[in-house]
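What follows is a set of notes on a single structure, which appears directly below.
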Amino acid sequence: MRTANIPIHSIKEYVSLLIQGGKTLEQRFIMVQNHMKEIKKQMIHLQNALNLTQKKLLFYENLLADSSYKNMPYSEEWKLFHHGET
């Protein structure tokens, strides 16, 4: 369960339920189901972070290809990035 990135306190709770046997099967199912929902949320956040990072990388590649941007002030760079004008 550690390889599934489940927190220690949740593993302890799960094992406690597991030891109690089949009567806790539904509780364990719900725990795993909730963990899967959390993983999906994390994946969405990570995908958003990856998309933004890729956008920023492409932005820098475009700037590096044009030497006129070397003396650009921060405010201009900020405007260019946020308005997609490269």
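Residue numbers (numbering that gives the first Met the number 0): 0 to 85.
For every residue, glycine included, the Cβ atom is placed at its ideal position computed from N, Cα and C.
Quick caveat, the model's predicted, so the values are computed rather than measured.
Next item on the list: Using beta-carbon positions only, say whether S9 and M42 come within less than 8 Å of one another.
Entry: no
Check: Which whole-angstrom value describes the C-beta separation of Q26 and L16, a residue pair presumed to lie in contact below a C-beta threshold of 8 Å?
Finding: 5 Å
Checklist line | Straight-line Cα distance separating L45 from E12 | finding: 27 Å
Next item on the list: Measuring alpha carbon to alpha carbon, tell me which of D65, T2, F80, K36 ends up nearest T52.
Entry: F80
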